[in-house]
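A.B. asks: The structure that follows is given in the form of structure tokens.
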Amino acid sequence: MIPVYRPYTDGKEIEYLKEVINSGWWGLGPKTKEFEKKFAKYIGSEHAVGLNSATAALHLALKCIEVEGFEVITPSMTFVTTNHAVLYNGGIPVFCDITEDNLNIDPEKIEELITEKTKAIIVVHFGGYACDMDRIMDIAKKNNLYVIEDAAHACGGEYKGKKLGSIGDFGSFSFQAVKNLSTGDGGMLLTNNHEWFERLKKLRWVGISKDTFERGAGNSYDWFYDVTELGFKYHMNDISAAIGLAQLEKLDWMNDVRRKWSNYYRKELRGISQISYPPQKDYMFPACHNFVIKTTKRDELKNFLMKKGITTGVHYYPNHLYDMYEKYSRKLPITESIWKKLITLPLFPGMTQQEANLVIDSIKGFYTI
Ligand SMILES: Cc1ncc(COP(=O)(O)O)c(C=O)c1O
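The numbering used here applies: residue 1448 is where the sequence shown begins, and numbers increase by one.
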């Protein structure tokens, strides 16, 4: 079977892992710090906090800006923890519709949702294709709102030459098993705000004022620490960071390969009138996390491809239609009509020409072209 995603390694991950395992320090320590520094520099943000997931990153970002009792404007077309993070903080998700072409939050529809209770906007760069950040930052500035970029799909992608995740107040990244940069599980939260950064380091480590590695620096081990607030066990460890460092070195190359296969799909599928795919806009340099096409015969195509040995996905079932989000549900005409047409094709850096051709020939076969 051809999978939808497959992580990529050139062996460096094992090399860096060996070093950490032999070092005797597997927890939160120097490799996490090194990864944070290098990742912050790569994205172009001042601070990065290594975490065990993007879910944790979104939870902590919204905690810093205290959304309890406030409204957060957010898309429904996303992985559900984008919105769980609002609820973890006692916030109220206010779902905003998306644009039909690239499945990103529709800036034209944000303003009409703003009330005196609105505190923030979450944007998801769907598939690694940038949201219209100038428009969104303008709206946020005018209305005094925070912007959180959920860049789980967007590691290495850009908007007008700026790395995604560096534009809003926070950039949240996922290093889960199938992401552009993967550590198995992991995440990073980026910000330029020093005060938030200092607080985040405590919040990720149960509220402890100084982490174990810092207390052990020098010749002695300072056992005492204070606990200054109710934090969480959300920190990254050095085993994940070692894999992350190896992945970061080849991230641009892996994204180039993703772009190459995405363009190949575009070129080869161009003639099929029944399907459409994400448009490339001038302001985008996409990370090409996934390749999502739209077709009116989604389920038939999915079953047909499965029989040919090709796995596909559906990203996403709209969050506002989940049982537990019923209370926050509202009419979202584009989201509600479009999700039934979406199908995610295989796309990953190690994909072979033979695999890409099998996908394309099978789709052409289905539409008898
Ligand atoms: C858009 C989006 N946001 C958030 C997340 C959560 O990431 P993690 O699995 O690292 O918690 C994901 C993961 O799939 C995602 O796709």
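By construction, the Cβ of each residue, glycine as well, lies at the ideal position given by its N, Cα and C atoms.
How about residue 1703: is its Cβ closer than 7 angstroms to a heavy atom in ligand 1?
C.D. replies: no
A.B. asks: Going by alpha carbons, who is nearest to residue 1601 out of 1592, 1812, 1582 and 1629?
C.D. replies: 1629
A.B. asks: Can you tell me whether residue 1625 is helix, strand or coil according to DSSP?
C.D. replies: coil
A.B. asks: Can we count residue 1600 as close to ligand 1, meaning its CB is less than 7 angstroms from some heavy atom?
C.D. replies: yes
A.B. asks: What residue ranges within the region 1652-1735 form continuous alpha helix (DSSP H) runs of no fewer than 4 residues, ordered along the chain?
C.D. replies: 1659-1662, 1685-1696 and 1698-1716
A.B. asks: Which of helix, strand or coil does DSSP assign to residue 1524?
C.D. replies: Of the three classes helix, strand and coil, the one that applies to residue 1524 here is coil, per DSSP.
A.B. asks: Below 7 angstroms, is the gap between the Cβ of residue 1638 and the nearest heavy atom of ligand 1?
C.D. replies: no
A.B. asks: Within this structure, are the beta carbons of residue 1683 and residue 1627 separated by less than 8 angstroms?
C.D. replies: no
A.B. asks: List the residues that DSSP assigns as beta-bridge partners of residue 1451.
C.D. replies: BP columns for residue 1451 are empty, so no partner.
A.B. asks: Hey, how far is the Cα of residue 1673 from the Cα of residue 1648?
C.D. replies: Taking the straight line joining both Cα atoms gives about 14 angstroms.
A.B. asks: Excluding five sequence neighbours on each side, which residues of the same chain lie with their C-beta closer than 7 angstroms to the C-beta of residue 1528?
C.D. replies: 1502 and 1505
A.B. asks: Give every residue of the same chain whose Cβ lies closer than 6 angstroms to the Cβ of residue 1817, excluding the five residues on either side of it in the sequence, and list them in chain order.
C.D. replies: Residue 1817 cannot be examined here, being either before or after the span of the chain that is shown, 1448 to 1816.
A.B. asks: With a 10 Å radius around its C-beta and 16 neighbouring C-beta atoms as the bar for buried, classify residue 1817 as buried or exposed.
C.D. replies: The displayed coordinates of the chain run from 1448 to 1816. Any statement about residue 1817 would go beyond what the structure contains.
A.B. asks: If you draw a straight line from the alpha carbon of residue 1747 to that of residue 1452, how long is it in whole angstroms?
C.D. replies: 21 angstroms
A.B. asks: First and last residue of the beta strand (DSSP E) that includes residue 1597?
C.D. replies: For residue 1597, the enclosing beta strand (DSSP E) stretches over residues 1593-1597.
A.B. asks: Whole angstroms is fine: what's the gap from residue 1603's alpha carbon to residue 1676's?
C.D. replies: Rounded to whole angstroms, residue 1603 to residue 1676 spans 34 angstroms at the Cα level.
A.B. asks: Strictly by DSSP, which residues pair up with residue 1494?
C.D. replies: For residue 1494, which the question treats as bridged, DSSP gives the partners 1638.
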